[in-house]
Amino acid sequence: MKTLFMGDMSPTVATDPLFEKMDVKALFHDVPTLFDKSDLSFVNLECALTDSKNAIKKFGPNLKAHKNTAEVLKMIGTDICGLSNNHIFDFGIEGAVDTIKALDEADILYTGFGENYDDSRKDLIIELDGEKIAIVAVCEHEYSYALEDRMGSRPFDEFDTMLDIRDVREKADRVVVIYHGGKEHCRYPSPRLRKLSRAMIKHGADLVICQHSHCIGCYEEFMGGHILYGQGNFHFVKADFLTPALVPTWNNCLAVEYDTKKNEVNFVPIVVKDYGIEIAKGEERKAIMKAFYERNEELKDGRWKDGWHAFCESVKEGYINNIGNAGRADSTEQQNAVFGHYLDCEAHTDVWRELFPTYNLTNEKEEK
Numbered sequence: 005m006k007t008l009f010m011g012d013m014s015p016t017v018a019t020d021p022l023f024e025k026m027d028v029k030a031l032f033h034d035v036p037t038l039f040d041k042s043d044l045s046f047v048n049l050e051c052a053l054t055d056s057k058n059a060i061k062k063f064g065p066n067l068k069a070h071k072n073t074a075e076v077l078k079m080i081g082t083d084i085c086g087l088s089n090n091h092i093f094d095f096g097i098e099g100a101v102d103t104i105k106a107l108d109e110a111d112i113l114y115t116g117f118g119e120n121y122d123d124s125r126k127d128l129i130i131e132l133d134g135e136k137i138a139i140v141a142v143c144e145h146e147y148s149y150a151l152e153d154r155m156g157s158r159p160f161d162e163f164d165t166m167l168d169i170r171d172v173r174e175k176a177d178r179v180v181v182i183y184h185g186g187k188e189h190c191r192y193p194s195p196r197l198r199k200l201s202r203a204m205i206k207h208g209a210d211l212v213i214c215q216h217s218h219c220i221g222c223y224e225e226f227m228g229g230h231i232l233y234g235q236g237n238f239h240f241v242k243a244d245f246l247t248p249a250l251v252p253t254w255n256n257c258l259a260v261e262y263d264t265k266k267n268e269v270n271f272v273p274i275v276v277k278d279y280g281i282e283i284a285k286g287e288e289r290k291a292i293m294k295a296f297y298e299r300n301e302e303l304k305d306g307r308w309k310d311g312w313h314a315f316c317e318s319v320k321e322g323y324i325n326n327i328g329n330a331g332r333a334d335s336t337e338q339q340n341a342v343f344g345h346y347l348d349c350e351a352h353t354d355v356w357r358e359l360f361p362t363y364n365l366t367n368e369k370e371e372k
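Residue numbers (the numbering used here): 5 to 372.
Have a look at this one:
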């Protein structure tokens with residue numbers, strides 16, 4: 005089976021009018037040709053498709069788009085939308101219900117969302133030409149994740165997720181895990197993320213794609229499986245909250261072409277063009293792939309740890325401020341809530357651990 009996996013997708017204030025008008029050419033240029041070559045295509049829908057104005061309380065932007073977005077995704081060839089991410093519940097139950105209705109009307113399947121925690125863990129298995137592929141879409145703990153008594157995205161759980169992968173392995177020929185997590189804007193995995201991604205392969209996954217970082221990271225083959233640490237944005241053009249420093253990494257991504265019969269992956273770089281995206285070509289394509297391959301080598305020789313540490317140091321001031329501002333007699337509700345969120349989310353705790361190592365990590369070691 006020829007499959008295609010795309011990263012984070014959200015219309016913005018600048019592009020939502022084009023989605024409303026369903027201007028596929030302006031939005032996607034030649035990218036639909038990749039969908040044409042695939043038997044099955046997946047896009048991570050990282051926003052609510054709703055008119056609701058009831059935004060939930062959170063840190064960061066509340067993302068929503070016109071319901072015609074679903075029709076546009078169908079027009080370019082999307083078969084499945086992943087809803088396990090930190091923005092699908094940005095407009096609460098109303099927004100989530102509207103989104104699912106829009107996908108249903110566009111005849112697009114979805115996965116990674118349920119009426120409660122147990123329901124969110126439903127397996128999606130697609131059978132085509134006698135071959136079965138399972139998609140397990142999970143997210144880290146940021147705002148949208150399902151609770152025992154509330155609808156939401158399928159959250160990653162260090163115990164349940166591994167069991168889910170092992171169980172669905174017995175039902176499918178191939179298992180693809182979409183992991184919505186990792187530190188935003190960091191091109192390297194944390195030690196935890198690399199360890200758990202490899203554990204997913206050991207438990208039966210054939211392909212693990214880490215999204216959410218909004219930049220292209222690095223790739224490794226492990227025990228016959230494939231792991232991409234950071235896919236980048238699929239379509240997230242001209243976001244109004246984007247800082248100039250992030251534009252170079254924000255505006256490109258890798259389409260993942262996965263041949264399930266051969267167990268082979270191919271990466272196709274995509275870049276922003278005007279108010280849309282297109283397949284990277286020429287020198288731009290060479291530059292993106294050269295940097296990608298260089299980071300892959302860093303995974304092999306251990307230099308990725310330096311890259312991860314340097315990133316954590318670059319954001320250290322903000323984390324220290326969050327510690328200092330929370331838990332005091334004069335702390336505001338928001339200051340305490342930021343600290344609580346940073347404790348709840350796995351990617352943030354990865355940074356905590358890197359910046360503040362325990363004595364056990366720094367005590368004497370035997371000299372070699």
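By construction, the Cβ of each residue, glycine as well, lies at the ideal position given by its N, Cα and C atoms. Please read all numbers here as calculations on a predicted model, not as lab measurements.
Residue i, DSSP secondary structure in three states
| i | result |
| --- | --- |
| His352 | helix |
| Ala259 | strand |
| Leu67 | coil |
| Gly134 | coil |
| Met166 | helix |
| Ser157 | strand |
| Thr7 | strand |
| His345 | helix |
| Tyr279 | coil |
| Ser217 | coil |
| Asp40 | helix |
| His184 | strand |
| Glu144 | coil |
| Ala110 | coil |
| His313 | helix |
| Leu49 | strand |
| Ile231 | strand |
| Gly116 | coil |
| Tyr223 | strand |
| Pro273 | strand |
Residue closest to residue i, alpha-carbon to alpha-carbon, out of the options
| i | options | result |
| --- | --- | --- |
| Thr82 | Lys68, Glu109 and Phe39 | Phe39 |
| Asp133 | Met5, Thr253 and Gly156 | Met5 |
| Asp111 | Asp127, Cys190 and Cys85 | Cys85 |
| Leu167 | Gly185, Met204 and Glu146 | Met204 |
| Ala150 | Gln235, Gly116 and Lys41 | Gly116 |
| His91 | Asp108, Pro36, Ser45 and Glu144 | Glu144 |
| Asn120 | Pro159, Ile130, Val272 and Thr7 | Pro159 |
| His189 | Trp312, His207 and Asn325 | Trp312 |
| Ile220 | Cys257, Tyr323 and Ser42 | Cys257 |
| Ile139 | Leu107, Arg154, Val172 and Gly118 | Val172 |
| Gly280 | Pro193, Thr7, Val35 and Glu24 | Val35 |
| Ile129 | Leu197, Phe46, Lys61 and Leu107 | Phe46 |
| His184 | Ala141, Asp127 and Tyr297 | Ala141 |
| Leu67 | Tyr147, Glu135 and Pro248 | Tyr147 |
| His393 | Lys199, Gly208, Pro193 and Lys206 | Examination of residue 393 is not possible in this model, given that the chain is present from 5 through 372 alone. |
| Pro252 | Arg357, Ala295, Glu261 and Asp20 | Ala295 |
| Asn340 | Asp348, Gly331 and Leu347 | Gly331 |
| Arg154 | Gly118, Glu135, Leu197 and Lys136 | Gly118 |
For residue j and residue i, believed in contact at Cβ under 8 angstroms, the rounded distance
| i | j | result |
| --- | --- | --- |
| Glu268 | Ile274 | Going by Cβ atoms, the distance from Glu268 to Ile274 rounds to 20 angstroms, so no, they are not a contact pair. |
| Ser201 | Ser88 | Actually they do not touch by this definition, with Cβ atoms about 16 angstroms apart. |
| Val342 | Cys316 | Their Cβ separation, rounded to whole angstroms, is 18 angstroms, which puts Val342 and Cys316 out of contact at 8 angstroms. |
| Arg178 | Asp210 | 5 angstroms |
| Asn237 | Asp12 | 5 angstroms |
| His218 | Trp254 | 6 angstroms |
| Gly186 | Cys222 | Not confirmed; about 11 angstroms, so no contact. |
| Val63 | His345 | Checking the sequence, you will find Phe at residue 63 rather than Val. With 8 angstroms as the limit, Phe63 and His345 qualify as a contact, their Cβ atoms being about 6 angstroms apart. |
Neighbour-count burial assignment, residue i, 16 or more Cβ in a 10 Å radius
| i | result |
| --- | --- |
| Lys175 | exposed |
| Met227 | exposed |
| Lys372 | exposed |
| Glu350 | buried |
| Gln338 | exposed |
| Thr16 | buried |
| Glu50 | buried |
| Ala9 | In the sequence on display, residue 9 carries Phe and not Ala. Classification for Phe9: buried. |
| Ile182 | buried |
| Gly234 | buried |
| Phe399 | Because the chain spans 5 through 372 in this model, residue 399 falls outside it and cannot be assessed. |
| Asn48 | buried |
| Ile327 | exposed |
| Ile292 | buried |
| Tyr297 | exposed |
| Tyr262 | buried |
| Ile137 | buried |
| Ala249 | exposed |
Touching by the beta-carbon criterion (3+ pairs, under 8 angstroms), the stretch 155-166 and the stretch 286-304
Counting C-beta pairs closer than 8 angstroms gives fewer than three between the stretch 155-166 and the stretch 286-304, which falls short of the contact rule.
May I ask you to verify whether the stretch 88-106 touches the stretch 45-54, counting CB pairs closer than 8 angstroms and requiring at least 3?
Inter-segment contact for the stretch 88-106 and the stretch 45-54 is present: three or more beta-carbon pairs are separated by less than 8 angstroms.
The stretch 67-82 touching the stretch 109-125, judged by at least three CB pairs closer than 8 angstroms:
With a cut-off of 8 angstroms on Cβ pairs, the stretch 67-82 is in contact with the stretch 109-125, counting three or more such pairs.
With a threshold of 8 angstroms, are at least 3 pairs of Cβ atoms found where one atom belongs to the stretch 308-325 and the other to the stretch 235-243?
Below 8 angstroms, too few C-beta pairs join the stretch 308-325 and the stretch 235-243 to call them touching: fewer than three.
Could you check whether the stretch 62-73 touches the stretch 14-26, counting it as contact only if at least three pairs of C-beta atoms, one from each stretch, sit closer than 8 angstroms?
Taking 8 angstroms as the limit for Cβ pairs, the verdict is that the stretch 14-26 does touch the stretch 62-73.
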